[in-house]
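Each remark here refers to the structure printed beneath this line.
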Amino acid sequence: MKLSELDNLLSKTPVYLSLDSLVSLCYLDNITIFHNRRDFWRKIDQLEPLKLCRYVILDDPDYRLPYVRLKHNPFTNNLNSILSKKYEEIQRLMLTQKDLSQEILFRSNAEIVVLILIDGLSYIDCLKYSPEPCIVNGTTTTESGFTNIVYGSENRPLSFKLYDKGYMRRFGFTYWERENNELTNKLFKGFNEVIKVSSFEDVIKHVRSMELKPHTFLQIIRNGLDRYAHNMHDKPLKEQEIEQIFKDVFELKETFESKGITANIFVTSDHGLLWKYEHEFKVIEPYNESPRYLKGLHKIEGHSVISKLNEHYNTLLAYPYILRSFRNNEWGIHGGISFEESITPFIEYKVDK
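Here it is in structure tokens:
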């Protein structure tokens, strides 16, 4: 059944429903979800008047109500039509960046666990690699995104949680200088060694030469599309760069296979990007800094969402609004709330013996 058909049916009767993502229900208004049919019938049997809303039951059906299967993909550019209005509701119904550390902890059962953090990559741009959609909690910047992933909702580094699970050896790889970068120190807190690399090829060389023992955790930061969004005179070759990112991931996977080591390899990104040549933007007021968010609390009626990071508030712009025009050497932007910026990929690759 199509979304429009379900919308019409719900105006007439409650339904038993199966669907791929609960986020699809955010496209509809005035919906109440029941995960247990007994709870629904108990509610119906109460003597008190029911609220005027439409009921969906996500449980095995019985004969009393129609059962429908919804065919709808919520993770397209259409999400921009509801994202800023239903931002908190959508976060409650899907995987968020702050859920990832617990998700990785739960799935990790191999000799080696690897987390590859990509600096700038949208979910929509890597569909051929079958990612799970994940939503950024708040500001779509590098600091916010990577902190969400590594520290999670418990505000405790993933490496510490994995240590508690027995992964006592921890090695990091980054192209940032640790001594001069506060975020690097935060992301690699507690690591035995953090190795400065200039390319992913360096990472592969190090891993090939390492004597990897069971219960080792590797955390790798890799350049993504963010570096092609800023200070570039020529239009970036986006598709080629995405192919190279996953070519590198597969080469790392093959390295573990050649060593005869089992591994869980997790790939995700800090944020996605909006590209200048893919969208029509609306400038709502002049501003010289980020085109997609303001530091502090600002009232931009109907066009923004408030986010909090490290006790500081940011005002994030909804799609397609920007605070200034693109600069001549600027091809992509991020920081605000949109399908392209806020929905990132989460992918797991397994290496078995």
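Numbered according to the working numbering, the sequence shown spans residues 6 to 358.
All C-beta atoms, glycine included, are put in the ideal place defined by N, C-alpha and C.
Would you decide whether residue i is buried or exposed? Buried here means 16 or more other CB atoms lie within 10 Å of its CB.
i: Gly157; result: buried
i: Glu294; result: exposed
i: Tyr282; result: exposed
i: Phe205; result: buried
i: Asn153; result: buried
i: Phe18; result: Reading off the sequence, residue 18 comes out as Thr, not Phe. By the 10 Å Cβ count, Thr18 comes out exposed.
i: Gln245; result: exposed
i: Lys243; result: buried
i: Ser263; result: exposed
i: Gly265; result: exposed
i: His276; result: buried
i: Lys103; result: buried
i: Ser29; result: buried
i: Tyr72; result: exposed
i: Asp253; result: buried
i: Pro219; result: exposed
i: Pro296; result: buried
i: Ser16; result: exposed
i: His317; result: exposed
i: Gly301; result: exposed
i: Glu290; result: exposed
What's the C-alpha gap between residue i and residue j?
i: Asn319; j: His308; result: 13 Å
i: Ile348; j: Pro138; result: 6 Å
i: Leu120; j: Asn13; result: 44 Å
i: Asn228; j: Val202; result: 11 Å
i: Arg47; j: Glu259; result: 54 Å
i: Pro20; j: Asp50; result: Contrary to the premise, residue 20 reads as Val rather than Pro in this sequence. If I take the Cα positions, the gap works out to 17 Å.
i: Ile352; j: Phe251; result: 11 Å
i: Ser312; j: Arg332; result: 26 Å
i: Ile209; j: Val141; result: 29 Å
i: Tyr68; j: Asp34; result: 26 Å
i: Glu1; j: Asn236; result: No information on residue 1 is available, as it lies outside the stretch 6 to 358 that the chain covers here.
i: Lys91; j: Thr144; result: 16 Å
i: Met173; j: Leu163; result: 12 Å
i: Lys304; j: Leu52; result: 44 Å
i: Leu22; j: Pro66; result: 8 Å
i: Glu10; j: Gln249; result: 42 Å
i: Leu278; j: Pro54; result: 47 Å
Quick check on DSSP: helix, strand or coil for residue i?
i: Gly301; result: coil
i: Leu279; result: strand
i: Ala268; result: strand
i: Lys355; result: strand
i: Thr101; result: strand
i: Glu256; result: helix
i: Thr147; result: helix
i: Glu137; result: strand
i: Thr349; result: strand
i: Tyr156; result: helix
i: Asp130; result: helix
i: Arg112; result: helix
i: Ser204; result: coil
i: Ser263; result: helix
i: Leu188; result: helix
i: Ile87; result: coil
i: Tyr92; result: helix
i: Arg332; result: coil
i: Asp65; result: coil
i: Lys170; result: coil
i: Arg161; result: coil
i: Glu53; result: coil
i: Leu8; result: helix
Tell me, which residues are paired with residue i by DSSP?
i: Tyr326; result: Lys287
i: Arg59; result: Ile36
i: Ile121; result: Ile225, Val272
i: Gly340; result: Note: Gly340 sits in no beta bridge, so no partner.
i: Gly177; result: Val199, Gln224
i: Ser23; result: Arg74
i: His235; result: Its beta-bridge partners do not exist; DSSP assigns none.
i: Leu321; result: Tyr298, Val310
i: Thr18; result: Thr18 is not bridged to any residue.
For the ligand COA, is there a heavy atom less than 7 Å away from the beta-carbon of residue i?
i: Glu246; result: For the ligand COA, the structure offers nothing, since it holds no ligand at all.
Three or more C-beta pairs under 8 Å: does that hold for the region 327-336 against the region 279-287? Yes, the region 327-336 touches the region 279-287.
**Prompt:** For the region 115-125 against the region 72-84, are there 3 or more C-beta pairs whose distance is under 8 Å?
**Reply:** For the pair of segments examined, the region 115-125 was found not to touch the region 72-84: the number of CB pairs separated by less than 8 Å stays below three.
Q) Can we say the region 32-41 touches the region 58-65, given the rule of at least three CB pairs closer than 8 Å? A) Contact between the region 32-41 and the region 58-65 is present, because at least three Cβ pairs lie under 8 Å.
Please determine if the region 341-356 and the region 263-272 are in contact, where contact requires at least 3 C-beta pairs separated by less than 8 Å. With a cut-off of 8 Å, the region 263-272 and the region 341-356 count as touching, because enough Cβ pairs lie within range.
Tell me, please, whether the region 124-142 touches the region 215-231 by the rule of three or more beta-carbon pairs shorter than 8 Å. In short, these stretches touch, since the Cβ pair count reaches three.
Contact between the region 159-179 and the region 212-224 is defined here as three or more beta-carbon pairs at a separation below 8 Å; is this criterion met?
Verdict: yes, contact present.
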